[in-house]
Amino acid sequence: MPQDQAVYGDIQFLTGSPHRRAVLVALCEEPARPHELCADIDATRTTIQRILAGFRERQWVVKHDGDYRATVTGRRVCEHYEALHEEVTRARRCGPLAAHLGPVADDIPVGALESGRLTVSEDGSPLAVLSRFTGWLQAVEGKFHAISPVVAQPFNEIGAELLSGDIDIEFVIDSAVLEQSRDQYEGDLEFGADHDGITIYVHETPISLGVAFDDERCCVVAYDDGNNLKAMLEAGEGDLYDWTTEVFERHRERSVPLATLYDAENTVGDR
18 MPQDQAVYGD IQFLTGSPHR RAVLVALCEE PARPHELCAD IDATRTTIQR ILAGFRERQW
78 VVKHDGDYRA TVTGRRVCEH YEALHEEVTR ARRCGPLAAH LGPVADDIPV GALESGRLTV
138 SEDGSPLAVL SRFTGWLQAV EGKFHAISPV VAQPFNEIGA ELLSGDIDIE FVIDSAVLEQ
198 SRDQYEGDLE FGADHDGITI YVHETPISLG VAFDDERCCV VAYDDGNNLK AMLEAGEGDL
258 YDWTTEVFER HRERSVPLAT LYDAENTVGD R
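Basically our numbering = 1-based index in the sequence shown + 17.
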């Protein structure tokens with residue numbers, strides 16, 4: 018049997034049952050006998066014996082005086098499998114976020130995926146992210162910065178409340194959000210454009226994700242193709258906070274202040 022095929026077979030054997038992982042983990046912690054493994058893992062003796070035979074065949078485990086113990090190679094296999102298991106668990110947990118953020122988030126810090134608070138909108142809770150994000154916005158303190166690919170009345174109302182509380186805002190949108198605001202929320206747009214407490218920027222290309230941060234907190238919001246909120250990752254100061262500020266600054270640098278666009282339109286209109 019070619020070596021690659023044999024290795025693939027070993028991987029299939031280990032991953033083929035959660036009992037196999039549990040047995041190897043147990044034997045890496047301390048030697049044990051089959052009846053002890055049966056009690057700890059809640060598997061039949063026949064199942065345990067088959068697993069031990071498979072491990073001995075691969076020399077991940079040896080038997081001595083009735084006890085089974087993991088070899089050095091067995092310990093290394095277990096260590097790396099546990100790392101893979103943790104990574105796949107993390108990928109499953111963060112999948113809804115990663116799938117909808119787009120390539121701009123390819124460099125999001127891995128540590129943030131581990132430590133940040135994640136909220137996901139699922140079939141049983143389709144408004145979970147909307148509710149969480151709304152609450153997050155209502156608790157903003159200090160200077161507030163945000164990028165958004167959507168516009169909605171509830172967010173406009175929260176923005177007005179923040180401005181009434183003397184919160185300074187820098188806000189980046191794209192042309193689609195600007196046009197929708199003109200069509201559906203003209204009064205809110207004019208209020209923001211005229212208010213000294215907010216500076217609105219229009220990004221040169223479509224925006225695919227949302228980020229927001231104040232003096233102490235940050236969040237990243239993922240939207241689907243219908244601009245529905247699908248996932249939100251939030252944290253305090255740290256890797257994610259640094260990343261969101263960098264993303265905001267990159268977008269702001271590639272944007273034009275709304276006031277500049279208005280001035281240009283008025284100049285053309287006067288001709």
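For glycine and all other residues, C-beta sits at the position ideal for the given N, C-alpha and C.
| Query | Result |
| --- | --- |
| Between the C-alpha atoms of L118 and D124, what's the straight-line distance to the nearest angstrom? | 11 Å |
| Since I believe G133 is in contact with E263 (beta carbons under 8 Å), could you give me their beta-carbon distance rounded to a whole number of angstroms? | Not really, about 16 Å apart at Cβ, beyond 8 Å. |
| I217 and L180: beta carbons closer than 8 Å? | no |
| Please classify S142: does DSSP put it in a helix, a strand, or coil? | strand |
| Thinking just about the alpha-carbon of each residue, which of I164, C95 and D59 is nearest to the one in F30? | C95 |
| Drop a sphere of 10 angstroms on the beta-carbon of S142, count the other beta-carbons inside from all chains shown, and report buried for 16 or more, exposed for fewer. | exposed |
| Should K160 be labelled buried (16 or more other beta-carbon atoms within 10 Å of its own) or exposed? | exposed |
| What did DSSP end up calling P35 once you bin it into helix, strand or coil? | helix |
| Would you check if the segment 258-272 and the segment 227-234 touch, i.e. whether three or more CB-CB distances between them fall below 8 Å? | yes |
| In the DSSP assignment, what are the bridge partners of A248? | V137 and A239 |
| Hey, how far is the Cα of D185 from the Cα of D213? | 9 Å |
| Considering only their Cβ atoms, is the gap separating L275 from V219 smaller than 8 Å? | yes |
| Using only the alpha-carbon positions, how far apart do R288 and S198 sit? | For R288, the predicted model reports a pLDDT of 48, less than 50, meaning its position is unreliable and no value from the coordinates is stated. |
| Please state the DSSP three-state secondary structure of T222. | coil |
| Whole angstroms are fine: how far does the CA of D57 sit from the CA of A39? | 9 Å |
| Spell out a yes or no on whether the segment 203-210 and the segment 136-156 are touching, meaning 3 or more CB-CB pairs, one atom from each, closer than 8 Å. | no |
| Can you say whether G227 is buried or exposed, counting buried as having 16 or more other CB atoms within 10 angstroms of its CB? | buried |
| Select from Q66, E99 and P166 the residue whose C-alpha is nearest the C-alpha of G83. | Q66 |
| Are the CB atoms of A239 and A248 nearer to each other than 8 Å? | yes |
| Report yes if the CB atom of I224 is closer than 8 Å to the CB atom of D200, and no otherwise. | no |
| If I'm right that I164 touches V189 with Cβ under 8 Å, what's the distance once you round it to whole angstroms? | 4 Å |
| Can you tell me which residues form a DSSP beta bridge with S272? | H220 |
| Given a threshold of 16 other Cβ atoms within 10 Å of its Cβ, counted over all protein chains shown, does Y85 qualify as buried or as exposed? | buried |
| Return helix, strand or coil for V105, following the three-state DSSP convention. | helix |
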